[in-house]
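Visitor: Next up is a structure, given as structure tokens.
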Amino acid sequence: MNLSAEAALFSILRLRMVEAQLRERGIKDERVLSAMSRVPRHEFTLQGYRNQAYEDHPLPIGEGQTISQPYIVALMLEALTLASSDKVLEVGTGSGYVTALLAELVAQVVSLERHAVLADEARELLARLGYANAKVIKGDGGEGFPAAAPYDVIIVSAAAAEVPRALLAQLAEAGRMIIPVGPADSQQLQLIQMRNGQPQTTLRETCRFVPLLPGVGLTS
Ligand code: SAH
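In terms of the working numbering, the sequence shown opens at residue 3 and continues consecutively.
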């Protein structure tokens with residue numbers, strides 16, 4: 003298949019994903035649906051998994067990590083009620099897929115990834131795709147990134163035993179954070195809203211993410 007035929011096929015599969023996996027299951031945020039119909043998810047998978055990029059499950063991205071199921075991504079982004087002026091901190095860049103979606107939806111994205119190889123690959127891919135408002139930094143997400151704090155939104159794509167204090171401290175007033183909390187085999191998404199300096203937690207769906215690993219220190 004030549005490149006433009008492949009791109010056309012992927013774009014059909016992507017629209018089908020948005021309708022069947024997202025809209026039909028209750029995702030309503032038109033900005034989220036529209037971003038997910040634009041971002042080329044097949045660019046973020048390993049070469050051998052490109053043809054599964056729009057299927058209804060997570061996929062391996064190397065280094066023992068995974069790119070989340072599209073529905074979980076949509077659900078998290080919708081819960082965060084993103085505004086186009088928001089500054090967002092992402093923990094767990096992985097492939098950079100969610101980073102790209104965020105870059106489409108908000109003003110500024112800072113994304114932390116502890117794995118140097120994944121951080122480098124995601125940074126290169128996001129640059130190639132033209133996402134100039136996303137910055138990928140190799141570092142420990144559990145510490146956040148105080149230099150650019152506070153954040154209107156924090157999204158954590160790895161499972162934490164408890165909500166890291168450093169992240170709460172970097173959440174702006176009226177800010178929103180979503181994070182999977184619990185043991186390795188099953189977690190619950192927590193939506194945390196900062197009101198009058200107090201975090202208010204709403205329990206959401208159960209889920210299963212790879213673990214948020216202990217830090218290795220900020221290097222670049
Ligand atoms: N949203 C990503 C999914 C990433 S999977 C995507 O769309 O591809 C979770 C990622 O969190 C992995 O890449 C893993 O290396 C990273 N991670 C785990 N612990 C971390 C930590 N303490 N700090 C930063 N990243 C971490």
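Glycine residues also receive a C-beta, built at the ideal position from the N, C-alpha and C atoms.
Collect the residues with a C-beta less than 6 Å away from any heavy atom of ligand 1 and give them in sequence order along the chain.
Guide: Ile63, Gln67, Thr68, Ile69, Ser70, Val93, Gly94, Gly96, Ser97, Tyr99, Val100, Leu114, Glu115, Arg116, His117, Leu120, Asp142, Gly143, Gly144, Ser159, Ala160, Val212, Leu214, Leu215 and Gly217
Visitor: For the 8 Å Cβ check, are there 3 or more pairs between the stretch 56 to 66 and the stretch 7 to 26?
Guide: yes
Visitor: Where do the N-terminal and C-terminal ends of the beta strand (DSSP E) with Leu91 fall, by residue?
Guide: Per DSSP, the unbroken beta strand (DSSP E) holding Leu91 starts and ends at Lys89 to Val93.
Visitor: Output the boundary residues of the alpha helix (DSSP H) element that contains Asp122.
Guide: It spans Ala118 to Arg130 - the alpha helix (DSSP H) in which Asp122 sits, taken as one unbroken run.
Visitor: Cα separation between Gly177 and Asp88?
Guide: Spanning the two alpha carbons is a distance of roughly 9 Å.
Visitor: Can you say whether Ala7 is buried or exposed, counting buried as having 16 or more other CB atoms within 10 angstroms of its CB?
Guide: Counting C-beta atoms within 10 angstroms of its own C-beta, Ala7 has fewer than 16 neighbours from the protein chains shown and is therefore classed as exposed.
Visitor: Thinking C-alpha only, which one of Ile156, Ala118, Ala129 and Leu131 is nearest Val108?
Guide: Ile156
Visitor: For Arg33, tell me which candidate among Leu103, Gln192, Gly146 and Arg197 has the shortest Cα-Cα distance.
Guide: Leu103
Visitor: My parser needs the beta strand (DSSP E) runs of 3 or more residues fully inside the stretch 176 to 222; what are they?
Guide: 189 to 197 and 200 to 209
Visitor: Are the Cβ atoms of Leu91 and Phe12 separated by less than 8 Å?
Guide: The Cβ-Cβ distance between Leu91 and Phe12 does not fall below 8 Å.
Visitor: Based on the DSSP output, what are the partners of Gly64 in its beta bridges?
Guide: Gln67
Visitor: Under the rule that 16 or more other beta-carbon atoms within 10 Å means buried, what is Val158, buried or exposed?
Guide: buried
Visitor: Anyone know if the C-beta pair for Ile74 and Gly96 falls short of 8 Å?
Guide: In this structure, Ile74 sits away from Gly96, with a CB-CB distance that is not shorter than 8 Å.
Visitor: Tell me the DSSP secondary structure of Tyr133 in three-state form.
Guide: coil
Visitor: Counting C-beta neighbours from all protein chains within 10 Å, is the total for Arg116 16 or more, i.e. buried, or is it exposed?
Guide: buried
Visitor: Which residues in the same chain have their Cβ closer than 8 Å to the Cβ of Arg18, if we skip the five residues on either side of it in sequence?
Guide: Tyr56
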